[in-house]
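Residue numbers (this note's numbering): 27 to 212.
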């Protein structure tokens with residue numbers, strides 16, 4: 027995360043530039059069609075948590091510590107945390123983390139769904155690499171469409187999300203048959 031002590035308690039042009047930069051980077055991450063895997067170790071605080079939340083899979087070392095301390099400093103997370111955290115761990119748990127500003131260890135992060143797995147520090151990057159290799163061994167377009175359907179579906183009604191899923195599945199079927207996809211509005 028950022029060193030919040032250098033920002034002081036009042037907004038400034040420095041903070042504005044920092045937030046814009048962070049949002050631009052995070053926005054780029056959220057729009058990538060390729061899966062993103064975060065391998066985190068040590069203190070993952072503030073924007074460190076926020077950037078991890080924009081990744082599709084999060085793997086933590088046993089020593090990782092997570093927190094969003096901004097409220098305890100008279101601020102709020104300003105790089106997506108108030109929007110991404112509830113989507114990952116649910117509104118109630120997100121509000122507890124956001125409002126209390128407490129830190130949680132890797133096992134608690136796993137229990138609440140903030141991270142997908144917890145491994146030893148020695149296995150962290152190897153585990154992330156294995157996950158990446160496993161995903162790379164799958165159909166690139168199927169991986170892309172699964173990610174797209176999941177990400178876009180969160181902003182759609184269930185009916186619209188199911189229609190998107192059917193559309194993308196039909197495109198994959200047609201590509202496998204070397205045919206032109208027939209897309210119907212069902």
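Every residue gets a Cβ at the ideal spot worked out from N, C-alpha and C, and that includes glycine.
* To do: Taking all protein chains shown into account, decide if residue 110 is buried (16 or more other Cβ within 10 angstroms of its Cβ) or exposed.
  => Burial of residue 110 is indicated by the presence of at least 16 other C-beta atoms within 10 angstroms of its C-beta.
* Is it a yes or a no for the stretch 120-140 touching the stretch 152-172, going by three-plus beta-carbon pairs under 8 angstroms? -> Because the criterion of three Cβ pairs below 8 angstroms is not met, the stretch 120-140 and the stretch 152-172 do not touch.
* Have a look at 202, 64, 55 and 54 and flag the residue whose alpha-carbon is nearest the alpha-carbon of residue 144. => It is 64.
* **DSSP three-state assignment for residue 203, whether helix, strand or coil** => Helix.
* Asked: Rounded to the nearest angstrom, how far is the Cβ of residue 235 from that of residue 82, given a contact under 8 angstroms?
  -> Past the boundaries of the shown model lies residue 235; the chain is included only from 27 to 212, so the question cannot be answered.
* Same chain, Cβ closer than 6 angstroms to residue 69, neighbours up to 5 away in sequence not counted -> Within the same chain, and ignoring the five residues on either side of residue 69 in sequence, the residues whose Cβ sits closer than 6 angstroms to its Cβ are 91.
* Asked: What's the gap between the Cα of residue 179 and the Cα of residue 78?
  -> If you take the alpha carbons of residue 179 and residue 78, they lie about 20 angstroms apart.
* residue 158 versus residue 151: straight-line alpha-carbon distance, rounded -> Using only the alpha carbons, I get a separation of about 10 angstroms.
* Taking only runs of the beta strand (DSSP E) that begin and end inside the stretch 106-133, which ones reach a length of at least 3 residues, in chain order? -> Listed in chain order, the beta strand (DSSP E) runs fully inside the stretch 106-133 are 129-131, counting runs of at least 3 residues.
* Alpha carbon of residue 84 to alpha carbon of residue 205, nearest angstrom -> Going by the C-alpha atoms only, they are around 37 angstroms apart.
* Distance CB(residue 96)-CB(residue 118) smaller than 8 angstroms -> No, they are not a contact pair.
* Measuring CB to CB, does residue 114 end up less than 8 angstroms from residue 94? -> Annotated as distal: residue 114 and residue 94, with beta-carbon spacing of 8 angstroms or more.
* Bounding residues of the beta strand (DSSP E) (the contiguous stretch that carries residue 143) -> For residue 143, the uninterrupted beta strand (DSSP E) segment begins and ends at 143-145.
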